[in-house]
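S.K.: In case it helps, mature numbering (1 follows the signal peptide of the UniProt record, and there is no 0) puts the sequence shown at residues -37 to -1, 1 to 1023. Heads up, the beta-carbon is just placed ideally off N, CA and C, and yes, glycines get one too.
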Amino acid sequence: MKVNSNFFRLTSKKRLVSLSCATALASFALIARPVFAEELTTDKPTNLDTTTVTTATVETTADLVETHSSSTVGLSETSTASTTENVSSNSTETASSLLATSEATSDSASQAGSQSQAASESPNTTSTTASTSTATSTATSEANSTTANTSSETNITGGEYYLGDYGLWHYRDANGKDLVGPQTVDGIKVYFYKTGAQARGEFAEDRKYYDNEKGALVTNSYVTYKDDTYYIDENGYALKGPHVINGVHVYFNDNWQPGSTGAMLKNAFGRDNRYYNEKGEQVDFGTNNYFQIGEDWYYAGSDGAIVKGPQIIDGKQVYFEKESGKQVRNHFVKDATNPKKLYYYGDDNGALVTNQYLVAYNKKTQRKERYYLNAEGTPSLGEQTIEGKQVYFDPQDGRQLFDVFSSTGHYYDQDGILKDFGTNHYVNIKGNWYYVGRDGAFVKGRKVINGAQVYFGKDGKQVKGDFDDDNNFHDINDGDLLTNRLVTVGDKSYYIGTYNKAIKGATVIDGTEYYFDDTTGVQVKGHFASNDKYYDARSGAPVTNSYVQVGQDWYYVDKEGKALTGEHTINGDRVYFIDHPVSFEDHRGKQVKGDFAENGRYYDQHTGALTDLGTNRYVQVNDDWYYIGSTGTILKGQQTIDGVDVYFDKTTGKQVKGLFINEYGGTEIPNNWLSTVKFYDKDTGALLKQQYFYFNGNWYYADADGIILKGAHTIDGVEVYFDKSNGKQVKGQFVTESGYVGDKGIHYYDKDTGALIKGGYFTDGGHWYYADEQGNLLSGEQTINGINVYFYPNTHRQARGTIVNGYYYDKEIGAPHAVPRNQFIDIDDGLYYFDSEGKPLTGKQIIDGKEYYFRENGSARRGDFDYFGTGTYYDKKTGVAVYKAGLVEVGNGQWCYIDDKGKQLLYLQNIDGKLYYFEKFKSIFSASGFLVKDRLLSPETEEYNRHWTTNSTEVVKSEPYAYYYFDADTGAAVTNQFINWRGNTYYFGADSKALVFDQIIDGKNYYFDEQGKQVKGEFIFDYNGKRYFDENTGELLTNTIRTINGKTYSFDKNGRSTEI
């Protein structure tokens, strides 16, 4: 190759090449018609001579197939450069090509090449913001260094450019060393990464921009990089902030706005509070003037910049968000010095609302509430007189309160109006007693009224027949304090002592001892107290020398009233009471019935009397087997009976059957055994020895001593393996070199017999493997029966129906076939393209004018996006990059939407007049933006942290988040209909939003909560009164009488209820 260093663009010649093929390769297709790459030209002279890539001829005996080499170009992110007089981007016309045997139909746009496709060649080139570090290269000796790092001011000549790996450009100087870092080559400033790859069409590590055509440093020019526009200054750096270029005011991101640093602002405000349109040009909205962008209003001040914060415009107090400058309309705004103080800006022009009622959403109560905005424009708090009526507002957030007592003790009725109850008398409200004091307010706390010591709770209700907040008890009739009396509250009894409080512990009353709980004071009845005595279930008096029943269990209490333990003779019967409980069901002192006691003897299930079951015999009790020894007590632990090794539980004496027992006598679960384990037959209970046995879906083997085997063993001449963790026999699984079961093992055991596979092929999970005569699985290149085959080193799987190292291994036997060059190959595991040297293309490539992306293994992306689920979409069938708006299929039945630039749309989108939602996943390792179907969601909650100004700290939303339902078939948001989703009913309006709160639909009144769920069978109590919505239809009850939950109500024409 002859290279002249002052070239401008590579020119490729067309070359016709012949290829013959001997073997018909099964399961893949070849492009077999003439295809020519478009000639690459430039309007500037070039002295670069190149030789075309030639394709090696493969000798065959099949028919001659004529084909042509297709030009391929390495590709990274698109970038174009232009002068300040003309901002534009260059693109290559799309061209069609054959993929396998079908023609690619997806539209694509080619892009210029650069080295950012290979992270190993040019690090950090996929980042929007260039690294602040400058690439350098060091060498300890010029003799052993392959790269050269010279001053960028030194003009280097006499070397040559050449294409390295991945189609990236390098420069080899006259000494044969690759340049690195910033350099001047033939008078042109360029940059090379540490790997020697040249920076082209991107910001290099020195933060300067180098063009795509020849890698030259760009100065004083606009460039497009990763869909953003930048202006490069005289030193090669991207401008930031506001500038005037060619008489046009523009703004470049200066880290204040979201996005890439240095990118031109479009459709956004700059830090200068000026707006820049879709072209990036500053828009003049005049001065002292309102203007609208989308649904938001702004105001241009006297200097043309938007105003922010509180303002007085045309005599009205208005407010603009401090961050975004949007005018606040129909929302509360927090006071700058007191966040708890709110101002409401409403009506059409966003003016501060004063001296009037307002109904707005309250996030705390999750419904609409009524407020009164005072002369200052803030919600009134506490008791107020408005329009001649005394009303009450929550002291914290200002919502009007109904059917409630104020903090001063006044009562406000269902209409929120103060009700006058007079002074100094008792009042009954809804079955509760209150007392109105001399000021007309209801009293609270301890009072003496008519000589009685009474108490009123924090809610004003008088305490009767219960304890007050100080734990004093008040009479159920007059509410006066009680002393020295037994009282009942609900189903519990207490004794009120001299000081009006419940006594605790043992107490003698009228000569009889009673016991009251040490903590609560509740009288102990039908239980043992903490003093271990039993007190009668009816009288509460202590019981002595008698059997007593607690729940289903029997006890015997002695002369002191305490439960006996151990064996005793009562009424002539030898009985037993538990002394040391071994289970949660047992309690100390509980009588043993129908079971063996701690002494190893059996007691009758009905009478509890000791029963003689004989000696030296098995007995069955409650489905369990025991063995009575020579002393008449049951045996425990390891035993040999009639020559058979058996085992009985060390605690209960129950015979172990069908269980694993460890060396400590404990029951084992077959998993991660750390001790010696044995198994006892499920039918006979005999210890299994020298045999296989089956348990819970797995096979095991017990040796001559009954110990369960682990690891590799030879049994009856067969090599088998038992999991070293749990003893399960390995069948149809691999065993690793370290002896554990795993997918990357070096041995395989037959799925039926469990025998080690040796000397042959076998399959597992649809994949082929080969074990040698010692049972070791082969890997790498091998020759078996005269056929060269290949096994992957990590998994040992044979390569079949796939391409490895430039060879296609067929599906039938895995025999290799040389792949055709400069053509697509479509096989089972993907689409590939091999160059003239038989190397698979990787990264972004332009082939016959169309863009493709090949993974590191050479397979083309199809039905997927690059860059971890973002970026360009590649057609599911052809693999061609798609640059046409529409839905595309990703994965198994998932759909995404891309625009006409090939970019994926996310979140809520209006497409052809219908709303759709494309969800962004949290994971970066899979495609996102899937079309949502059959789902209810709120975009605001899904995207809570997506926008930098979404959640203003100064504005309080006065409406709930909007919810949408997306159809199960089409994914479109539904409109004007009821939807039942997961047991709840919703109604979605014309704008697709779920209706909330009070609504009239087809002339009927309904209520929906803040998320749009229809309320059925519930009362709603708000500023409209207490209303009920039918449990079946959800309609508001009006002009009727209905009994609900045992109470009867009358409903007026507005649905307001009154309890009858």
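1) Specify, as a first and last residue, the run of the beta strand (DSSP E) that T578 falls within.
2) Ordered along the chain, which non-local residues of its own chain (more than five positions away) have a Cβ less than 6 Å from that of D378?
3) Kindly identify the DSSP beta-bridge partner or partners of I208.
4) Ignore the nearest five residues each way along the sequence and tell me which others in D70's own chain have a CB closer than 6 Å to its CB.
5) Using DSSP with H/G/I as helix, E/B as strand and the rest coil, what is P145?
6) Say the cut is 7 Å; is the CB of Y519 nearer than that to a heavy atom of the ligand GDP?
7) Please state the DSSP three-state secondary structure of D128.
8) Tell me which residues share the same chain as K467 and place their Cβ nearer than 6 Å to its Cβ, disregarding the 5 neighbours each side in the sequence.
9) Classify D985 as helix, strand or coil using the three-state DSSP reduction.
10) Can we say the region 228 to 237 touches the region 258 to 272, given the rule of at least three CB pairs closer than 8 Å?
11) Roughly how many whole angstroms lie between the Cα atoms of G952 and T1021?
12) Based on the DSSP secondary-structure assignment, which residues constitute the bridge partners of D516?
13) Using C-beta distances below 6 Å, list every residue in its chain close to A718, excluding the 5 sequence neighbours before and after it, in chain order.
14) According to DSSP, is P803 helix, strand or coil?
15) CA-CA distance, I591 and R551?
16) Would the beta-carbon of F754 fall within 8 Å of that of R760?
17) Between which two residues does the alpha helix (DSSP H) carrying P779 extend?
18) With DSSP run on the structure shown, which of helix, strand or coil describes P342?
19) Curious, which full-length beta strand (DSSP E) runs of at least 3 residues does the region 447 to 532 contain?
20) Along the alpha helix (DSSP H) that carries P273, what are the first and last residues, could you check?
21) Which runs of the beta strand (DSSP E) at least 3 residues long sit entirely within the region 822 to 892? Give them in chain order.
22) With burial defined as no fewer than 16 other Cβ atoms inside 10 Å of the residue's Cβ, what is the status of Y462: buried or exposed?
23) From the DSSP output, which residues share a beta bridge with L180?
24) In angstroms, rounded to a whole number, what distance separates the CA positions of G777 and R824?
25) To the nearest angstrom, report how far apart Q512 and T904 are at their CA atoms.
26) Using alpha carbons as the reference points, say which of N118, D438 and L142 lies closest to Y125.
27) Considering just the uninterrupted stretch of the beta strand (DSSP E) at E1022, what are its terminal residues?
28) Following the continuous alpha helix (DSSP H) through T1006, name the residue where it begins and the one where it ends.
29) Between the C-alpha atoms of E998 and D972, what's the straight-line distance to the nearest angstrom?
30) Residue range of the beta strand (DSSP E) that residue 1026 falls in?
31) Considering just the uninterrupted stretch of the beta strand (DSSP E) at T922, what are its terminal residues?
32) In angstroms with no decimal places, state the Cα-to-Cα distance between N175 and G144.
33) Using a Cβ-Cβ cut-off of 8 Å (strictly less than) and excluding sequence neighbours within five positions of G1018, which residues of its own chain qualify?
34) Compare the Cα-Cα distances from L672 to each of N689, V471, Y795 and S370 and report the closest residue.
35) Helix, strand or coil for T120, going by three-state DSSP, please let me know.
36) What residues match up with Y306 in a beta bridge as DSSP calls it?
M.R.: To lay it out plainly:
1) Premise fails: T578 is in no beta strand (DSSP E) and is neither H nor E.
2) none
3) V211
4) A caution first: D70 carries a pLDDT of 37, below 50, which makes its placement in the model unreliable, though a value can still be read off. The answer, listed in chain order, is Y846 and K847.
5) strand
6) Looking at this structure, you won't find the ligand GDP or any other ligand, since it has none at all.
7) helix
8) F479, D481 and G484
9) strand
10) yes
11) 33 Å
12) V513
13) V681
14) strand
15) 25 Å
16) yes
17) P779 -> not in any alpha helix (DSSP H); beta strand (DSSP E) instead, spanning P779 to A781.
18) strand
19) 448 to 452, 455 to 459, 468 to 472, 475 to 479, 509 to 513 and 516 to 520
20) No alpha helix (DSSP H) contains P273, which is instead part of the beta strand (DSSP E) from G272 to I276.
21) 849 to 853, 857 to 861, 870 to 874 and 877 to 882
22) exposed
23) Y173
24) 25 Å
25) 58 Å
26) L142
27) S1020 to E1022
28) That residue, T1006, is in no alpha helix (DSSP H); its beta strand (DSSP E) goes T1003 to I1007.
29) 14 Å
30) No statement about residue 1026 is possible, as the shown extent of the chain runs from -37 to 1023 and does not include it.
31) For clarity, residue 922 is Glu in the given sequence; the question names Thr instead. Per DSSP, E922 belongs to no beta strand (DSSP E) and is neither H nor E.
32) 17 Å
33) N968, N987, G988, R990, Y991, L999, L1000 and T1001
34) N689
35) coil
36) V296
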